[in-house]
């Protein structure tokens, strides 16, 4: 395979930095929480990287809200709503997450299966807060009980671990990528608490992507699709359905160090949850997001630094809180060889 080391100045490791985040702040699936954070991949996801060690730090912030079953799922899974009564719900959920993820990774110089192998692991630490307010009417035989009030909680702690591996192939302007990652449920989790940083269950995510990159024009467009299989939560006996996700990005280099672009994602649960309260039904979740991105690369001693920012506004959500989220990424990685460094293109993932 050829080496895709053309374009303007770049940082290569944002692809691996993408596979990092998973927190029960009220995103989709189990009670509104999913392993995959939509938007983890963006521009130049499939472009090969400079061999060696790299470290990425992601500062992630989100604010979401939901009503109806997406809000009720949190109360149900925390044991606040019994499964053996009929209920009518008029609830409103608000959630916020402020997380920092660290991702060390290594890119091998020796080809594997004709491509470039990248391996790494990521972990996170941060704060999550959730509040649920409204009215719940419970009916058990002739007894009708109405409750109005608020449940809320916050937590500052550590999350799960996510090991990952990627293979990257280059054929001129065409670049291809395959990846596998998963959730190791070692983070802070309590099934009766609202919210959690850990998910409380394992997961495996497999996918692939493509990048068209024209270094002469400084233009690129990328897309990455994947499927998440969730294991049963041993504490709640709840199993989230299989999720499909598609992240995309497009960018244009304004200079050898600066680029701008647009990013987006689509997230759709394709199979039903199991083990949930009957009031939730199949509880398949969906959300879309779109927003801007900007990135800047710069030397750090004999290494290469990159600082990127992207943000998403969400819409079209179903059985899932939605709002906005931002990703501020700093990555330090080996510099490209001198012969090609002046022609590399900015990368954000």
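Residue numbers (the working numbering): 1 to 349.
Where a beta carbon is used, it is the ideal one built from N, C-alpha and C, also for glycine.
Between the CA atoms of residue j and residue i - distance to the nearest angstrom
i, j, result
"residue 65", "residue 48", "38 Å"
"residue 152", "residue 61", "19 Å"
"residue 232", "residue 208", "25 Å"
"residue 345", "residue 235", "Residue confidence for residue 345 is low, a pLDDT of 39 falling below 50, so the modelled location carries little weight; the figure read from the coordinates is stated next. When rounded, the distance between both Cα atoms is 47 Å."
"residue 317", "residue 205", "22 Å"
"residue 57", "residue 67", "33 Å"
"residue 251", "residue 275", "43 Å"
"residue 122", "residue 150", "34 Å"
"residue 130", "residue 337", "48 Å"
"residue 291", "residue 185", "31 Å"
"residue 192", "residue 248", "36 Å"
"residue 269", "residue 225", "13 Å"
"residue 109", "residue 94", "46 Å"
"residue 168", "residue 124", "25 Å"
"residue 114", "residue 330", "29 Å"
"residue 240", "residue 196", "16 Å"
"residue 59", "residue 310", "11 Å"
"residue 99", "residue 271", "29 Å"
"residue 297", "residue 258", "7 Å"
"residue 255", "residue 220", "14 Å"
"residue 46", "residue 171", "11 Å"
"residue 210", "residue 176", "5 Å"
"residue 227", "residue 36", "9 Å"
"residue 148", "residue 132", "11 Å"
"residue 190", "residue 156", "13 Å"
"residue 287", "residue 326", "16 Å"
Rounded distance between the beta-carbons of residue j and residue i, thought under 8 Å
i, j, result
"residue 63", "residue 96", "5 Å"
"residue 52", "residue 334", "4 Å"
"residue 308", "residue 332", "Contact flag wrong, Cβ pair sits at about 13 Å."
"residue 182", "residue 162", "7 Å"
"residue 244", "residue 223", "With 8 Å as the limit, residue 244 and residue 223 do not qualify as a contact, their Cβ atoms being about 13 Å apart."
Residues that DSSP places opposite residue i in a beta bridge
i, result
"residue 363", "Nothing about residue 363 can be reported from this structure: the residues present for the chain run from 1 to 349 only."
"residue 163", "121"
"residue 292", "262"
"residue 52", "107"
"residue 300", "303"
"residue 170", "175"
"residue 269", "243"
"residue 211", "175, 222"
"residue 332", "55, 305"
"residue 97", "62, 128"
"residue 287", "267"
Contact test: residue i Cβ vs the ligand MG heavy atom, cutoff 8 Å
i, result
"residue 246", "The ligand MG is not part of the structure shown, which contains no ligands of any sort."
Check your understanding: Is the stretch 114 to 126 touching the stretch 205 to 218, taking contact as three or more C-beta pairs under 8 Å?
Key -> no
Point to revise | the stretch 38 to 53 contacting the stretch 252 to 267, beta-carbon criterion three pairs below 8 Å | key: Touching, yes.
**Study point:** Whole runs of the beta strand (DSSP E) within the stretch 222 to 261, excluding any shorter than 3 residues
**Key:** Counting only runs of at least 3 residues, the stretch 222 to 261 fully encloses the following beta strand (DSSP E) elements, listed from N- to C-terminal order: 243 to 253.
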